[in-house]
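Just below is one structure, and these are the notes that go with it.
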Amino acid sequence: MLSVQPKGKQKGCAGCNRKIKDRCLLRAPDKYWHEDCLECACCDCRLGAVGSILYTKANLILCRRNYLRLGTTGNCSCSKLIPAFEIVMRAWNNVYHLDCFACQLCNQRFCVGDKFFLKNNMVLCQMDYEEGQLNGTFDSQVQ
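Here you go:
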């Protein structure tokens with residue numbers, strides 16, 4: 002975001018820690034920057050050009066390429082990275098690749114509209130959940 006700096010009150014640059022003497026300055030995640038100092042934390046490409054888009058993740062300022070590359074971590078059963086642009090399945094706070102969204106006991110994959118159950122952070126099909134209920138091992142937590 003481009004801001005106009007009031008006269009007499011110079012802001013410090015978050016990149017180089019020097020005073021910003023220019024009339025206009027950049028503001029990105031609540032910090033002020035010289036145009037030349039605002040860079041991607043991964044590849045050092047310049048993000049200070051007016052109109053350029055920047056992204057933040059884990060308090061890092063990133064270009065689009067590195068934001069997508071870093072993706073997002075989810076609670077997927079495979080423990081692999083989930084890219085930010087990938088279509089996912091969610092069960093409460095857990096995130097899964099489409100290929101990984103399956104019963105964690107019998108590996109039956111779920112289709113759109115299938116009923117599934119979440120117990121102890123495990124995704125279960127109806128048959129495995131009901132079998133666990135009959136054995137007295139699960140409490141109800143229907144999705």
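According to the working numbering, the residues represented by the sequence shown are 2 to 144, in order. Glycine included, C-beta positions come from ideal geometry on N, C-alpha and C.
Which one or two residues does DSSP pair with residue i in a beta bridge?
i, result
"Met90", "Tyr97"
"Gly13", "Lys20"
"Val113", "Paired residues: none, contrary to the question."
"Lys32", "Ala29"
"Glu40", "Arg47"
"Leu61", "Lys58"
Under the rule that 16 or more other beta-carbon atoms within 10 Å means buried, what is residue i, buried or exposed?
i, result
"Cys126", "buried"
"Cys107", "exposed"
"Asp129", "buried"
"Ala103", "buried"
"Ala50", "exposed"
Tell me which residue opens and which closes the alpha helix (DSSP H) that residue i is part of.
i, result
"Arg70", "65 to 71"
Determine whether the beta carbon atoms of residue i and residue j lie at a separation below 8 Å.
i, j, result
"Ile21", "Ala42", "no"
"Leu71", "Lys58", "yes"
"Ile88", "Leu99", "yes"
"Gln134", "Met123", "no"
Start and end of the beta strand (DSSP E) containing residue i?
i, result
"Leu27", "25 to 29"
"Leu125", "123 to 126"
"Lys150", "Since the displayed the chain opens at 2 and closes at 144, residue 150 lies outside it and no answer follows."
Original post:
Between the segment 34 to 51 and the segment 6 to 26, do at least 3 Cβ pairs fall closer than 8 Å?
Top reply: yes
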